[in-house]
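Novice: Numbering (the numbering used here), first residue to last: 106 to 256.
Shown below is the structure under consideration.
Here it is in structure tokens:
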């Protein structure tokens, strides 16, 4: 299954769902684990959703390019979740690799994945930017989760 997702007031609707809404639905519905790979996360709401999932016992694995490049509020919330939950992991791509992690991917339960152009920011996921993403379901989501673990 592949579904097109978008942000941007001219695009949402008309049979196409909002990227931000789908990301929230996926995180809330997770039953086992969540993988995130992102260059930039500025949405504290997203981090709160991930921490909430960890509070339900969901394993959360986040890879960002550079933790120092994330806004202070996001960085503090990510580090607080790491301290609070044994099963909440944050890794920095730039500390172990050459190049830049520029992916924008979320995988839930190794079964559903959102892959697209949007950074995990308010503008990228909700309104402001015009972004396109796809929601994949099936074996490819598990492959993406394994790739994120190798970053």
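Even glycine gets a Cβ: it sits at the ideal position worked out from N, Cα and C.
Where does residue 194 fall in DSSP's three states?
Specialist: Three-state DSSP puts residue 194 in a strand.
Novice: Going by the DSSP bridge assignment, what does residue 164 pair with across the sheet?
Specialist: Per DSSP, 138.
Novice: Closest to residue 294 by CA distance: which of 152, 190 and 251 is it?
Specialist: The structure shown does not extend to residue 294, since the chain is modelled only from 106 to 256, so the question has no answer here.
Novice: Would a C-beta distance cut-off of 8 angstroms place residue 125 and residue 231 closer than the cut-off?
Specialist: Cβ distance < 8 angstroms, so residue 125 and residue 231 count as in contact.
Novice: Per DSSP, which one or two residues make a beta bridge with residue 209?
Specialist: In DSSP, residue 209 forms a bridge with 143.
Novice: Hey, out of 116, 111, 133 and 143, whose CA is closest to residue 208's CA?
Specialist: It is 143.
Novice: Residue 159 to residue 136, Cα distance in whole Å?
Specialist: Straight-line Cα distance between these residues: approximately 10 angstroms.
Novice: Helix, strand or coil for residue 152? Go by DSSP, reduced to three states.
Specialist: Three-state result, residue 152: helix.
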